[in-house]
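Okay, so here's the structure we're looking at.
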Amino acid sequence: MKNFHHDPNYLYYVAKQLAGSVLSQSASGCRKTSPSIARLASHVLLNEHLARGGNK
7 MKNFHHDPNY LYYVAKQLAG SVLSQSASGC RKTSPSIARL ASHVLLNEHL ARGGNK
């Protein structure tokens with residue numbers, strides 16, 4: 007797990023997977039879990055964005 011926070015590409019991959027899950031769940035009408043997952047995906051995307059900004 008050491009490389010988890012130091013690999014923006016992996017974080018980006020995870021964020022894309024989460025975003026895909028949210029979109030597919032929303033399309034399926036599964037609204038019970040979507041809000042919490044959407045918040046988690048947004049949090050991951052924000053962290054990934056900040057990580058990329060900090061590396062430049």
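In this text, residue positions in the sequence shown follow our numbering: the first is 7, and each later residue adds one. Beta carbons: idealized from backbone N, C-alpha and C, even for Gly.
Subject >> Within 7 angstroms, strictly: CB atoms of ALA25 and ALA44 >> reply: no
Subject >> 6 angstroms Cβ shell around LEU17 - same chain, five flanking residues per side excluded >> reply: GLU54
**OP:** Give me the Cα-Cα distance between ARG58 and VAL20, rounded to the nearest whole angstrom.
**Re:** 15 angstroms
**OP:** Measure the alpha-carbon distance for VAL28 versus ASP13 and round it to whole angstroms.
**Re:** 23 angstroms
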